[in-house]
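Okay, so the sequence shown: first residue is -17 according to the numbering used here, each after it adds one. Every residue, glycine too, gets a C-beta built ideally from N, C-alpha and C. From a predicted model like this one, the values you see are computed outputs, not experimental measurements. In what follows, a single structure is set out as structure tokens and then discussed.
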Amino acid sequence: MSIPPDLAALVNAEFKVIESTTVETYPAFKVKTIRNTEEPFLNLLKKTKPLNLLPLLRKNHDSLLLIFVPRPATKPKNPLINLLLLVATVATTLIAGYYIAAGFGDPLTNAILFSATILIVLGTHEYGHKLASSRQKTNTTLPYFIPGPPPLGTMGAIIFQDGPAPNRNAAFDVGVSGPVTGFIFAVIASAIGLYFSPVVASSLGTPSLPLIMTLLTSVLGIHPPPGHILVLHPIAFAGLVGLFATWLNLLPASTLDGGHVIHALGGKRIQQIFTIIVIFALGIIGLFTFSLFILFFSTMPYPEPLDNVSQLSTKRKLFIPTLVAIFILCFFA
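What follows is the structure in structure tokens.
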């Protein structure tokens, strides 16, 4: 691949070029190490877009290496697939909600409430990712909702990003935006649902709830006396599902949102170590399906940020305890 004549000038405007070279036939430049690569790299990323080139910034012993690869073509999206999956998920969550709604009055009305709530919680999670990606000038697909069998009626939702994140800060922002947004809406749904959840006489033990839902019952003054249990309203059950999805996504493993966070913080090797720990931990507590799910995705290559030299900003590092708190609040007590 030949080096465009004006490429060297564009690189020199942002970095100090030491040497022009090639890496696997791709044009590359050894440049001097600088303290903060984020801003000059983003400038270069913008300037080289008209050349249809994508820069990659990597460490190279005592210098940095800028490699320019062809910008991948954006694959056309078919929104009809998103729509069909959404319609299918509405149908499966309505069926699941119909059975969950038994004993709560009109089953159809409550099935609609369950379906709408769970789709809103899952949808806001994915749109949190999408909005963060848009701020980073990275294109993403519309959410793909995944239908599933009762009692949930769905296996969640997913969006796909066109290409790697520009840097660690961008990867972090995209990773945390979904769980934080989804958590907020799941808490709102849980509070509303708990308000309408009855306390009934039963010899069964009280089911386990996420810690945040246990706290909400105290705030709402719900204290089942001996011989009674709290029966979750369909809206509360949808909130519970959203909280569990948030907890699962915050696990620091593989391509989960927590995996993006741990990669942005410590790099590829740290992410791999945490992934192994999470796979074994899930197996130990009996969540074998999710353990195998993470194991499967951990075999796929992880998309490194275009600039994997710049470090995570201090303000983002200070936000990590908030993510840990959300993770704990979503854990079943």
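Have a look at Ala220 and Ser295 and give me their C-alpha separation to the nearest angstrom. Sequence index remark: in the sequence shown, residue 220 carries index 238 (1-based). Sequence index remark: in the sequence shown, residue 295 carries index 313 (1-based). When rounded, the distance between both Cα atoms is 35 Å.
Does His205 pass the burial test, meaning 16 or more other C-beta atoms within 10 Å, or should it be called exposed? The sequence position of residue 205 within the sequence shown is 223, counting from 1. When all chains shown are included, His205 counts as exposed.
Quick one: any contact between the stretch 23 to 34 and the stretch 58 to 68, if contact means 3 or more CB pairs under 8 Å? no
Our contact map puts Arg40 next to Asn290 with C-beta atoms below 8 Å; I'd like the distance itself, whole angstroms only. Taking the sequence shown and counting its residues from 1, one reaches residue 40 at position 58. Taking the sequence shown and counting its residues from 1, one reaches residue 290 at position 308. Indeed they touch by this definition, with Cβ atoms about 7 Å apart.
Cα-Cα separation, Leu28 to Glu1: As a first step, residue 28 must be located in the sequence shown, where it is residue number 46. As a first step, residue 1 must be located in the sequence shown, where it is residue number 19. Here the sequence assigns Lys to residue 28, which means Leu is not the residue at that position. Rounded to the nearest angstrom, the two C-alpha atoms are 22 Å apart.
If you draw a straight line from the C-alpha of Pro189 to the C-alpha of Phe165, how long is it? Within the sequence shown, the letter at position 207 stands for residue 189. Within the sequence shown, the letter at position 183 stands for residue 165. About 21 Å.
With distances taken between CB atoms, is the gap from Ala246 to Phe154 smaller than 7 Å? The residue given as residue 246 occupies position 264 in the sequence shown. The residue given as residue 154 occupies position 172 in the sequence shown. The Cβ-Cβ distance between Ala246 and Phe154 falls below 7 Å.
Excluding the 5 residues flanking Asn121 on each side, which residues of the same chain have their C-beta closer than 6 Å to its C-beta? Residue 121 sits at position 139 when you count from the first residue of the sequence shown. Around Asn121: Asp144.
Stretch pair the stretch 125 to 137 + the stretch 168 to 187: three plus CB contacts closer than 8 Å: Counting Cβ pairs under 8 Å, fewer than three are found: no touch.
Evaluate the contact criterion for the stretch 240 to 254 versus the stretch 99 to 116: three or more CB pairs, one atom per stretch, below 8 Å. no
One question on the structure: do Gly175 and Ala218 come within less than 7 Å of each other, judged by their Cβ atoms? Taking the first residue of the sequence shown as position 1, residue 175 is located at position 193. Taking the first residue of the sequence shown as position 1, residue 218 is located at position 236. Cβ distance < 7 Å, so Gly175 and Ala218 count as in contact.
How would you label Gly224, buried or exposed, when you count the other beta carbons within 10 angstroms and need 16 or more for buried? As a first step, residue 224 must be located in the sequence shown, where it is residue number 242. By the 10 Å Cβ count, Gly224 comes out buried.
Measuring alpha carbon to alpha carbon, tell me which residue in Ala78, Phe272, Leu48 and Leu274 is nearest Leu322. This structure does not reach residue 322, given that the chain is present from -17 up to 315, and the question cannot be answered.
Minimum C-alpha distance to Leu212 - residue among Val201, Leu191 and Trp229: The residue labelled residue 212 in the question sits at position 230 within the sequence shown. Residue Leu191 is the option with its Cα nearest to Leu212.
Where does Ser280 land, buried or exposed, given buried means 16+ other C-beta within 10 angstroms? Translated into the one-based positions of the sequence shown, residue 280 becomes position 298. That one is buried.
Under DSSP, the beta strand (DSSP E) around Phe127 begins and ends at which residues? Position 145 of the sequence shown, counted from the start, is the residue given in the question as residue 127. Bounds of the beta strand (DSSP E) holding Phe127 are Tyr126 to Pro129.
Looking only at C-alpha atoms, which of Ile302, Phe313 and Ile266 sits nearest to Val243? Start at 1 with the first residue of the sequence shown, and residue 243 comes out as number 261. Considering only Ile302, Phe313 and Ile266, the residue with the shortest C-alpha distance to Val243 is Ile302.
Hey, could you find the ends of the alpha helix (DSSP H) Glu316 is sitting in? The structure shown does not extend to residue 316, since the chain is modelled only from -17 through 315, so no value can be given for it.
Use the C-beta contact count for Phe96: other C-beta atoms within 10 angstroms, 16 or more gives buried, fewer gives exposed. Along the sequence shown, read from residue 1 onward, the residue named residue 96 stands at position 114. It counts as buried.
Anyone know if the C-beta pair for Leu107 and Gly157 falls short of 7 Å? Looking up residue 107 in the sequence shown gives position 125. Looking up residue 157 in the sequence shown gives position 175. The residue asked about is misnamed: residue 107 is His in this sequence, not Leu. Against a cut-off of 7 Å, the Cβ pair of Gly157 and His107 comes out as no contact.
Assuming Gly138 and Ile77 are in contact, meaning their beta carbons sit under 8 Å apart, how far apart are those beta carbons, in whole angstroms? Taking the sequence shown and counting its residues from 1, the one referred to as residue 138 is at position 156. Taking the sequence shown and counting its residues from 1, the one referred to as residue 77 is at position 95. With 8 Å as the limit, Gly138 and Ile77 do not qualify as a contact, their Cβ atoms being about 17 Å apart.
Close beta carbons around His215, own chain, < 7 Å, minus the five adjacent residues each side: Translated into positions along the sequence shown, residue 215 becomes position 233. Answer for His215: Phe86, Gly175, Phe178 and Ser179, listed in chain order.
Which residue wins for smallest C-alpha separation from Lys57, given the options Ala263, Pro133 and Thr123? One-based indexing of the sequence shown puts residue 57 at position 75. Looking only at Ala263, Pro133 and Thr123, the smallest Cα-Cα distance to Lys57 is reached by Thr123.
Strictly by DSSP, which residues pair up with Leu39? Here residue 39 corresponds to residue number 57 of the sequence shown, with the count starting at 1. BP columns for Leu39 point to Leu48 and Asp289.
Tell me which same chain residues have a C-beta within less than 8 Å of the C-beta of Gln293, skipping the five on either side of it? On the sequence shown, position 311 is the one that residue 293 refers to. Cβ within range, chain order: Arg150.
Could you tell me which uninterrupted alpha helix (DSSP H) segments, each at least 4 residues in length, are contained entirely in the stretch 217 to 263, listed from first to last along the chain? 239 to 248
Report the three-state DSSP secondary structure of Val13 (helix, strand or coil). To locate residue 13, count along the sequence shown from 1; it is residue 31. If DSSP states are grouped into helix, strand and coil, Val13 belongs with the strands.
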